[in-house]
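Residue numbers (our numbering), protein chains in the order written: chain A, 633 to 824; chain B, 633 to 824. Notes for the one structure printed next.
Protein chains: 2
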Amino acid sequence: MKKSLGAKTLLYPTPVLVVGTYGADGRANAMTAAWGGIACSKPPCVSISLRSATASHGNIMQREAFTISLPSEVNAAQADYFGLVSGRDHDKFQESGLTPVPSDLVDAPYVDEFPLVLECSVVGVHELGLHTQFIGQIEDVKVDEALLGADGRIDFDLLKPILFAMDPGTYYAVGRLLGKAYTIGKDVATGA
Amino acid sequence: MKKSLGAKTLLYPTPVLVVGTYGADGRANAMTAAWGGIACSKPPCVSISLRSATASHGNIMQREAFTISLPSEVNAAQADYFGLVSGRDHDKFQESGLTPVPSDLVDAPYVDEFPLVLECSVVGVHELGLHTQFIGQIEDVKVDEALLGADGRIDFDLLKPILFAMDPGTYYAVGRLLGKAYTIGKDVATGA
């Protein structure tokens, strides 16, 4: 039996997206967002939703670009810090000691110490309510070379991405392998 | 040192969203999607991206509604099945033995055996390329009563949601707790 919880943003898991932007003064900023995900395969696009009150929102509107730096398990506290204070009154890169690297493709910086980076040009802006949804076309993905397997692809066991659970408001590691997609479902149909 | 991998949809983790719809003939359908996430807090909205070639895409365009049923670990193979075959030539509920329940709020069915359900009315349709992004306003969230804690909130340790890793194309359980949001980042700033 299911019970109604009301209209809430309960969806699991959500990602931990550290969004890199430049301010009007050229200062690098980053903020953590959990509202977002891949939005299209061709062209490859990602969506992120930010409140208009954030410094990052204004930065993206002005520069029409952002990056997403994906934290690994060891970066969990740093990712949380990027979501704790505002770029309006904090130089988060300076305070955290992390390194902003200018993207060579879009007008935004990424976090050097985080393992995986998406460089995005804004191709859509959707006002949904409290949040504005930005559609970013992924111009390139960059990854730490140490995470690449012999086949040139990301070794997922080394990437160790983290996830966010909105309620209770906690970060988790990725757990055990459950199975291969387009494979473990093959025996489900009974032919009934 | 980071290496370029090209413009790809590499973002981790992505959710496992089983999207429930009705066809023109009134038959319940469901398909699995990984492209999506929360899009707005007020009103609460979720976004899902589907290819126009899918039966579900046409169903949503016609009924302007969908549900999202979130599988638990024990449902991983069933969720994979919903992504393996098309509702055009399969009655996936009948073949899987799972139960479609008509939403009492929107014109779409959900999967009774999956623990968490979002019932959504379409409030936006964005053509992004290969995928169409649907914005669904969350009208209600329903959860199995057995997953509710004494405080009336979801017990995350019982929910056991799963996640998808696009490359290598595998499902994972949620792993160990890394820390509390808006908390573990408090000591990151050095005051430098």
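Each residue gets a CB set at the ideal place from its N, CA and C atoms; glycine is no exception. Small disclaimer: the values here were computed from a predicted structure and weren't measured.
Between A665 of chain B and I680 of chain B, the gap from beta carbon to beta carbon is short of 8 angstroms.
Between A813 of chain A and chain B, the shortest Cβ-Cβ separation is below 8 angstroms.
CA-CA distance, F698 of chain A to K774 of chain A, rounds to 14 angstroms.
Taking a Cβ-Cβ cut-off of 8 angstroms, the neighbours of Y713 of chain A in chain B comprise G817, K818, V820, A821, given in sequence order.
Under the Cβ distance rule, R720 of chain A does not count among the residues neighbouring chain B, no pair being separated by less than 8 angstroms. Sequence-distant partners of V717 of chain A (beyond 5 residues in either direction) whose C-beta falls short of 7 angstroms from its own C-beta, in its chain, are K724.
Beyond the five residues adjoining it in sequence on each side, A687 of chain B comes within less than 7 angstroms, by CB distance, of G655, N661, S718, G719, R720 in the same chain, given in chain order.
Neighbours of R808 of chain B in chain A, taken as residues at a C-beta separation under 8 angstroms, are given in chain order as Y804, A805, G807.
Scanning its chain for C-beta atoms nearer than 8 angstroms, with the 5 sequence neighbours on each side dropped, one finds around P676 of chain B the residues I670, Q769, I770, in chain order. According to the DSSP secondary-structure assignment, D772 of chain B is paired through a beta bridge with B:E751.
When C-beta distances to chain B are compared with 8 angstroms, the residues of the region 656-672 of chain A below that value are A666, W667, G668, G669, I670, A671, C672, in chain order. In chain order, L702, V775 place their CB closer than 6 angstroms to the CB of L748 of chain A, counting only its own chain and leaving out the 5 sequence neighbours on each side. DSSP lists A:T653 as the beta-bridge partner residues of N661 of chain A. Considering only beta carbons, the part of the region 772-804 of chain A lying closer than 7 angstroms to chain B consists of D772, V773, K774, V775, D776, E777, L780, R785, I786, F788, L791, P793, I794, L795, F796, A797, D799, P800, G801, T802, Y803, Y804, in chain order. Across the region 754-772 of chain A, CB contacts with chain B closer than 7 angstroms involve G756, H758, L760, G761, L762, H763, Q765, I767, I770, E771, D772, in sequence order along the chain. The region 699-745 of chain A contains, as complete beta strand (DSSP E) runs of 3+ residues, the segments 732-734, 741-743 (chain order).
Between C672 of chain A and L760 of chain B, the beta carbon gap of about 4 angstroms places them in contact (Cβ cut-off 8 angstroms). Residues of chain A with a Cβ closer than 8 angstroms to the Cβ of T646 of chain B are, in chain order, P647, G669, I670. Secondary structure of I692 of chain B (DSSP, three-state): helix.
Using a CB distance cut-off of 8 angstroms, T641 of chain B counts as an interface residue toward chain A.
Not a single CB atom of chain A sits nearer than 8 angstroms to the CB of V650 of chain B. In this structure, DSSP gives A671 of chain B an extended state, which the three-state scheme calls strand.
Below 8 angstroms, too few C-beta pairs join the region 778-793 of chain B and the region 729-738 of chain B to call them touching: fewer than three.
Per DSSP, the continuous alpha helix (DSSP H) segment holding L790 of chain B begins and ends at 788-791.
Among the residues of the region 692-712 of chain B, those with a Cβ less than 9 angstroms away from any Cβ of chain A are I700, L702, E705, A708, A709, Q710, A711, D712, in the order of the chain. Between I794 of chain A and Y803 of chain A, the gap from beta carbon to beta carbon is short of 8 angstroms. The beta carbon of P741 of chain A sits closer than 7 angstroms to those of G652, Y654, A660, T699, P732, V733, P734, S735, all from its chain and outside the five residues before and after it, given in chain order. A Cβ-Cβ contact shorter than 8 angstroms links E705 of chain B with A805 of chain B. In the DSSP annotation of this structure, the continuous segment of the beta strand (DSSP E) that includes G811 of chain B starts and ends at 802-812. Y644 of chain A counts as buried, since no fewer than 16 other beta carbons sit within 10 angstroms of its beta carbon. Its chain contains I794, Y803 as the residues whose beta carbon lies nearer than 7 angstroms to that of A708 of chain B, once the 5 sequence neighbours on both sides are disregarded; these appear in chain order. With contacts defined by Cβ atoms closer than 8 angstroms, V754 of chain B and F746 of chain B do not form a contacting pair.
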